[in-house]
Amino acid sequence: MKILAIRFARLGDVVLLLPALSSLKRAFPEARLTLLTGHRCTPIAELCPAVDETFAVDRVAMRDGSRSAALRDMTRLVREVRRRRFDLVIDFHSFRETNLLTWLSGAPVRIGMKRYKAPYLNFCFNRPPVIEDKSLHVAAMFEKAVETIIPGVSRLPSSARRGILINHRRPEVLGRSDWTE
542 MKILAIRFAR LGDVVLLLPA LSSLKRAFPE ARLTLLTGHR CTPIAELCPA
592 VDETFAVDRV AMRDGSRSAA LRDMTRLVRE VRRRRFDLVI DFHSFRETNL
642 LTWLSGAPVR IGMKRYKAPY LNFCFNRPPV IEDKSLHVAA MFEKAVETII
692 PGVSRLPSSA RRGILINHRR PEVLGRSDWT E
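In the working numbering, the protein residues as written are 542 to 722.
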């Protein structure tokens, strides 16, 4: 199984997404989990052992650059996502462009989060949206999205949820090869 999680930009939001990605990987341990995120967030995402691959995009350059360059970059992005043939795509960002990218992915299962008072392109998804609940912390909202796929997956004891930001593939980040929690 191939899973694509989408969350562009905002370093803190990507950090808060990592527990949900860990829950997702726990539910599908054999799956290949790819995170499509902003280029500034990839070093943090690469520290999460649940993430098998990061795929970086410079959304600011696409947004603020020329329209022709943005269209070219978005076309390349869509082609690359389609080429990978993901089985499941979860749009944790819910911008119009991430909604469309989810739809254009061609994935059989497409889930999105509907942010409070924000545009949401319902036709891009084939599962009910995860409605933003302002009473929940953003990390809990991300977990709620994962819960729509596998109910109860995020309710493991806290001891089973440790080590989220430690990855044996990147020992140079901390400058040591022995890891502790």
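Just so you know, even glycine gets a beta-carbon here, dropped at the ideal spot from N, CA and C.
Residue span of the alpha helix (DSSP H) that contains residue i, given as start and end
i, result
"Met615", "Arg608 to Arg625"
"Asp554", "Leu552 to Ala568"
"Thr546", "According to the sequence shown, residue 546 is Ala rather than Thr. Run containing Ala546: none in the alpha helix (DSSP H); it sits in the beta strand (DSSP E), Lys543 to Arg548."
"Leu642", "Arg637 to Leu645"
"Pro584", "Thr583 to Ala586"
Closest by C-alpha distance to residue i, when choosing among the options
i, options, result
"Ala545", "Asp605, Arg551, Ala597 and Ile585", "The sequence given here places Leu at residue 545; Ala does not occur at that position. Answer by Cα proximity: Ala597."
"Leu642", "Ile652, Val619, Phe633 and Ala686", "Val619"
"Arg600", "Ala550, Val679 and Glu684", "Ala550"
"Val519", "Leu577, Ala572, Ala568 and Arg656", "Residue 519 lies beyond the residue range present for the chain, which begins at 542 and ends at 722; the question has no answer from this structure."
"Pro660", "Arg651, Leu677, Asp674 and Asn640", "Asn640"
"Ile652", "Pro692, Glu587 and Val687", "Val687"
"Lys724", "Phe636, Glu684, Ile631 and Leu677", "With the chain covering only 542 through 722, there is no way to say anything about residue 724."
"Leu611", "Glu638, Arg626 and Ile631", "In the sequence as presented, Leu is not what sits at residue 611; that position holds Ala. If we check each option's Cα against that of Ala611, Glu638 comes out closest."
"Ile672", "Ala680, Phe664, Met654 and Glu684", "Met654"
"Arg581", "Ala602, Asp593 and Arg567", "Ala602"
"Pro669", "Thr575, Val650 and Val679", "Val650"
"Cys665", "Ile631, His678, Thr583 and Arg608", "Ile631"
"Thr689", "Phe633, Leu662, Thr583 and Trp644", "Phe633"
Residues of its chain near residue i, where Cβ-Cβ distance is below 7 Å and the 5 sequence neighbours each way are ignored
i, result
"Glu713", "Unreliable placement is indicated for Glu713, whose pLDDT of 49 sits below 50; no coordinate value is reported for it."
"Asp674", "Met682"
"Arg491", "The chain is shown from 542 up to 722; residue 491 falls before or after that span and cannot be answered."
Residues near residue i in its chain [Cβ-Cβ closer than 6 Å; skip 5 each side]
i, result
"Val622", "Ser646"
"Ala701", "Interpretation of Ala701 is limited by its pLDDT of 41, a score under 50 that renders its predicted location unreliable; no figure is taken from the coordinates."
"Thr575", "Leu545, Glu594 and Phe596"
"Leu557", "Val679 and Ala680"
Own chain, CB closer than 8 Å to residue i, minus 5 neighbours either side, in chain order
i, result
"Met542", "Phe569, Glu571, Ala572, Arg573, Asp628 and Leu629"
"Gly553", "none"
"Arg656", "Ser635 and Glu673"
"Trp644", "Arg651, Leu662, Phe664, Cys665 and Phe666"
Endpoints, the beta strand (DSSP E) within which residue i is located
i, result
"Arg573", "Arg573 to Gly579"
"Glu594", "Glu594 to Val598"
"Asp632", "Leu629 to Asp632"
request  = Mind listing, in chain order, the continuous beta strand (DSSP E) runs of no fewer than 3 residues lying wholly within the stretch 656 to 692?
outcome  = none
request  = Count the C-beta pairs between the stretch 555 to 563 and the stretch 610 to 617 that are closer than 8 Å, then say yes if the count reaches three, no if not.
outcome  = no
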